[in-house]
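Below you'll find the structure, written out as structure tokens, and then a few comments.
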Amino acid sequence: MNTAQPLLSQHLRMQYEPAQSVWTLHSPEGAVQLNDSAAEIMRRCDGKHTVEAIVSELEELFETEGIAPQVQSLIDEGTRRGWLI
Numbered sequence: 532m533n534t535a536q537p538l539l540s541q542h543l544r545m546q547y548e549p550a551q552s553v554w555t556l557h558s559p560e561g562a563v564q565l566n567d568s569a570a571e572i573m574r575r576c577d578g579k580h581t582v583e584a585i586v587s588e589l590e591e592l593f594e595t596e597g598i599a600p601q602v603q604s605l606i607d608e609g610t611r612r613g614w615l616i
């Protein structure tokens, strides 16, 4: 059970770009376009959701199971890049 509660770094913001129908992650260095699943994960990184809760919500949203490794991988990468704390 993963009880970590990832939080989007304060120097970042997520923004929906309606012209392209995508979410972007903006930082002082630039912007990164997120795919749908990455956006859903990052939107839940609010310091309140545990990783386990994020996985559970996404499994229900996408009507699938067994996505914990992929969710954890994105959270680990986001932490490594300084996007998440």
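Just add 531 to wherever you are in the sequence shown, counting from 1, and you've got this note's numbering. Beta carbons are placed, not taken as given, at the ideal position from N, Cα and C, and that holds for glycine.
Excluding the five sequence neighbours on either side, which residues of its own chain have a C-beta within less than 6 Å of the C-beta of residue i, listed in chain order?
i    : result
A562 : T555
P537 : C576, I606, L615
V533 : Looking at the sequence itself, residue 533 is Asn, so the reference to Val does not match. Cβ neighbours of N533 beyond the five flanking positions: V582, E583.
Give the straight-line distance between the Cα atoms of residue i and residue j, rounded to the nearest whole angstrom.
i    : j    : result
K579 : Y547 : 22 Å
S604 : V586 : 12 Å
In its own chain, which residues sit with a C-beta less than 7 Å from the C-beta of residue i, not counting the 5 before and 5 after it?
i    : result
E590 : E596, I598
P568 : The sequence as given places Ser at residue 568; Pro does not occur at that position. If we look at S568 and ignore the five residues flanking it on each side, it has no Cβ neighbours.
V602 : I572, V582, I585, V586, L589
By the DSSP assignment, the alpha helix (DSSP H) with residue i in it spans what residues?
i    : result
E608 : 599 to 611
S587 : 582 to 592
Starting from the Cα of residue i, find the closest Cα among the options and give me that residue.
i    : options                : result
E571 : A550, S558, H557, M545 : M545
S540 : V553, Q551, M573       : M573
A550 : Q564, L592, E560       : Q564
Ignore the nearest five residues each way along the sequence and tell me which others in residue i's own chain have a CB closer than 8 Å to its CB.
i    : result
G613 : S540
Exercise. For the region 547 to 573, list the beta strand (DSSP E) runs that are entirely contained and at least 3 residues long, ordered along the chain.
Key: The region 547 to 573 contains these whole beta strand (DSSP E) runs: 553 to 558, 561 to 565.
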